[in-house]
Amino acid sequence: MRLKTFKFGIHPHDMKELSHDCKFEEMPTGEKVYIPLAQHLGTPAQAVVEVGDYVKVGTKIGEASSYVSCNVHSSVSGTVEGFVLRENAMGKRIRHVCIANDGKYEEDFLPPLENPTPAELVERCKECGLAGMGGATFPTHVKLETKTPIKALIINGSECEPYITTDYRLMIDKPQEVLQGIRYLAKAIGAPEIWIGIEANKSDAIEGMARVAEGDATIKVFGLKTKYPQGGEKQLIYALAHQKVPQGGLPSDLGYIVLNISTALAMYEACALGKPLFSRYMTVSGKGINRPANIWVRFGVPFVEIVDYLGYSDDVVKVISGGPMMGISLHSFMPVVTKGSSALLLLNEDEIRDVDPTTCINCARCASVCPMGLMPMMTDAYVLKNMIKEIKPYNPLACIECGCCAYVCPAKRPLVQSQRLAKKLIRERKL
Amino acid sequence: MSENKRFIVSSSPHVGSSLFTRRIMIHVCIALTFCLIAGVVLYGFYSLFLVLLAVFSAVGAEALYCVIAKKPLTIWDASAIVTGMIVGLNLPPTAPFYVPIVGSVFAIMLVKMLFGGLGKNFANPAATARVFLLLAWTTKMTAFINPLDYAGGKVTAGDFFSFRFIVDFADKANYVTGATPLATIKSDALAGATTTNVDLLDLLLGTTGGSIGEVCAVVILFAALYLIILKIIDWKIPVVYLASCAIFTLIFYKNGWNYILPNLLSGGILFGAVFMLTDYSSSPNTRWGAVIFAAGAGLITMLIRRYGGMNEGVSFAILLMNLLVPLIDKACRPKAFGYKKPPKAKKEKEVKA
């Protein structure tokens, strides 16, 4: 099979061997969960419960406050104890709903859908609070309600970030459910074709998905070259369709919608089981964790309970929510599991590169790996000199912050940080 | 308690490649060492002395500059060693001791440090130093000798460890070769000969007159392979440069086919292609820029070799193209993925108004 791919990019060690054989296990839930009202991109949800209310698993506790927003549901049954300000993974203090878990896990699900229409599917997706579960947490119903005619639904099974094995395990353990979810999604947007892209380092997942999709002419499973950032939306579309998403445009402008495996499974659970999105599968890995695992966990469980459950060593120097290339480093274990928590990584000294940046040697490695065709060294130099106008031709707004440039930089310059700063300053000054 | 533990918080990405600036420089030093060994075997121990002198003066000059300018000491990134080695390897094996010192100090102080140090120099320090030395001591910089004649069995320890050139080139008459391959090519081309009388095997093995590091083509090719496989340098610049030199040989010379290999294997073309054109800070940062840069250097090299007053033109070509790099980079700035030209509606309006 010819592997498809995009141009440039990097080959980091994928480190998936730590957890790729670990079957999903259920993470026990503690006495209290803290469910943030802002778990997604867009406006935070509006709380619809009050202190003292009794909620069940799946009871709506927050309602979407605008179009680009998501419903939030309780992950346990019990009493609402109050609203607390806690730090989320970004370090921002936001409102969390604190629910005392009574341990009964009484369910308050929606009725399963039988032979749903596209409108019903989108409505269900909205009702269940689905958000992109690869990490960006963009509300899924917004993607599904596209106006442009869709040529194909692209399912992102590339999972190109090192360490993370969640989508891989889902494709191995629950291929039927994932496929059913993908079919629901395709029906919702009226996509005539479904393309599933999976990186070649997950060859058994490629085979597994191809096997369950056999006989369905609308579904095509593609092998992708193992290369980072293969799972970037624009890179994936380029690899499969050989089309470039215009800068500032959306994949739907070209007639494609990209959703990932976890989202497809959430869609299946929402439609076939009536389960709102209150839990997710995630990878807990890194050499700092005693027992790397793939876990099923309810939202609102603080990371500290997860690391205490799996055990961790003292030499942990960096804790990351998400993958090592684009994830957010945490200063404590206090943040909780949310819709976007694809992984929790505890890394030790050997795994990270924590050295002071030295002067740029102009080797152009950053430009040679940038999948967006940018020149990060120029942005970095101009940002340092506060010459923001001069950065404009180097187009930092096109940066997808994948981190390839900073990964290869021999001077270990914080190039992604410079790009972010340049973006912010350009937007602020309206240049 | 887990809450009291302190973790590093930083911007993504959190992992990185293991290639650091110093490691790159050390790999280049290793590749240069291959050439140095070849030079020492060919021309004797004095060559090693010259190169070491160049390295020590380069590192010393950088340290001195840092102290004078009250800057943090930057010699630990090993880039001064690379510059020093290239300056040393560019010298003829007969250079007096002060030549490498002056060359290295010039390269480091004037070309590298005054313009901001590592990564900021506008031109290749070693190429600039070579041009400077060539203009300052033209005869000393072009006094090439035949290599030690191992086959003849006349090489004694005294010959090998001889320091007779240290102060000046005293007994010139006994050591100067009839003509270096470059001079032969030049005179043949000027005479309009359809072929040149240069032994290709001599050029490959380096058993001929030339600069310490430049003569042994086999070793330079091996060093190039080493650097390209380890991804220290990009293959594009050397390959395009050599291709460009070959093409312009074909155009400029009568019966150019016969001149391609003698030209490519002699003089500094190979050494320059691998070690000097690929200098990070003075080569373009854009993909197509690198191609234009290397092709242009090839054109200038061959123009000088064929029509210029000198036998050799590599360092001049490198220097001239170095100066064009900012312009080349600006012209070749890549378009971002998915970039579309903004509509030119405004301009049309202006025209109508």
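Protein chains in written order, with numbering that gives the first Met the number 0: chain C, 0 to 430; chain F, 0 to 352. Where a beta carbon is used, it is the ideal one built from N, C-alpha and C, also for glycine. Owing to the predicted nature of the structure, the values given are computational and were not obtained by experimental measurement.
Against chain C, the CB of F/Thr-93 has no partner CB under 9 Å away; the residue lies outside that interface.
From the listed residues C/Met-281, C/Asp-101, C/Ile-305 and C/Gln-179, the smallest Cα separation to C/Pro-115 is found for C/Gln-179.
DSSP lists C/Ile-327 and C/Leu-343 as the beta-bridge partner residues of C/Ser-320. The region 0-7 of chain C and the region 132-146 of chain C do not touch, with fewer than 3 CB-CB distances between them shorter than 8 Å.
Out of F/Lys-185, F/Leu-249 and F/Val-104, the CA that lies nearest to the CA of F/Gly-308 is found in F/Lys-185. Under the three-state reduction of DSSP output, F/Tyr-279 falls in the coil class, being neither helix nor strand. Only exposed fits F/Asp-158, as fewer than 16 other CB atoms lie within 10 angstroms of its CB. Looking from the CA of C/Glu-80, the closest CA among C/Ile-34, C/Glu-113, C/Glu-24 and C/Gln-242 belongs to C/Ile-34.
According to the DSSP assignment, C/Met-281 belongs to the beta strand (DSSP E) that extends over 278-284. Nearest in C-alpha terms to F/Asp-198, of all of F/Ala-242, F/Thr-32 and F/Gly-208, is F/Gly-208. Counting along the chain, the unbroken beta strand (DSSP E) around C/Leu-223 starts and ends at 218-223.
Put simply, the CB of F/Ala-335 is near chain C, with a gap under 9 Å to one of its CB atoms. Taking 9 Å as the threshold, the shortest C-beta distance from C/Lys-286 to chain F does not fall below it. Between the alpha carbons of F/Ile-36 and F/Val-130 lies a gap of roughly 24 Å. Contact fails between the region 420-428 of chain C and the region 47-65 of chain F, because fewer than three Cβ pairs, one in each stretch, are under 8 Å apart. Ser-9, Ser-10, Ser-11, Pro-12, His-13, Val-14, Gly-15, Ser-16, Leu-18, Phe-19, Thr-20 and Ile-23: these are the residues of the region 9-39 of chain F whose beta carbon lies less than 7 Å from some beta carbon of chain C, given in chain order. Taking the beta carbon of C/Pro-409 as reference, the chain F residues within 9 Å of it are Ser-16, Leu-18, Phe-19, Thr-20, Arg-21, Arg-22 and Ile-23, listed in sequence order. The beta carbons of C/Pro-111 and C/Ala-271 sit about 6 Å from each other, so the pair counts as a contact at 8 Å.
For chain C, the residues of the region 102-123 of chain F that bring a beta carbon within less than 7 Å of one of its beta carbons are Gly-116, Leu-117 and Gly-118, in chain order. Closest by C-alpha distance to C/Met-371, out of C/Cys-401, C/Lys-125, C/Val-354 and C/Pro-409, is C/Cys-401. Among the residues facing chain C, F/Tyr-225 is not included, as its CB has no counterpart in that chain under 9 Å away. With 16 or more neighbouring CB atoms inside 10 Å of its own CB, C/Met-324 falls in the buried class. Taking C-beta atoms under 8 Å as the contact rule, F/Pro-180 and F/Pro-261 qualify, at a distance of about 7 Å. Collapsing the DSSP output to three states places C/Gly-273 in coil.
Under the Cβ distance rule, F/Pro-237 does not count among the residues neighbouring chain C, no pair being separated by less than 9 Å. Annotation: F/Ser-314 has no Cβ neighbours in chain C at a cutoff of 8 Å; minimum Cβ distance is about 20 Å.
Counting only Cβ-Cβ distances below 8 Å, F/Thr-285 has contacts in chain C at Ala-363, Ala-366 and Met-374, in chain order. C/Arg-210 counts as exposed, since fewer than 16 other beta carbons sit within 10 angstroms of its beta carbon. Nearest CB-CB separation between C/Asp-353 and chain F: below the 9 Å threshold. Look at the region 230-247 of chain C: the residues with a C-beta under 7 Å from a C-beta of chain F are Lys-233, Lys-243, Val-244, Pro-245 and Gln-246. For C/Val-32, DSSP records a beta bridge to C/Ile-98.
Within chain C, the residues Met-374, Pro-392 and Tyr-393 have their CB atoms less than 8 Å from the CB of F/Arg-332, given in chain order. For the region 177-193 of chain C, the beta-carbon criterion of a distance under 7 Å to any beta-carbon of chain F is satisfied by none of its residues. Inclusion of C/Gly-102 and C/Ser-68 in the CB contact set at 9 Å is not warranted, their separation being larger than that value. Here F/Ala-216 is actually not in contact with F/Leu-226; their C-beta atoms are around 16 Å apart, not less than 8 Å. Neighbours of C/Val-316 in chain F, taken as residues at a C-beta separation under 7 Å, are given in chain order as Phe-6 and Ile-7.
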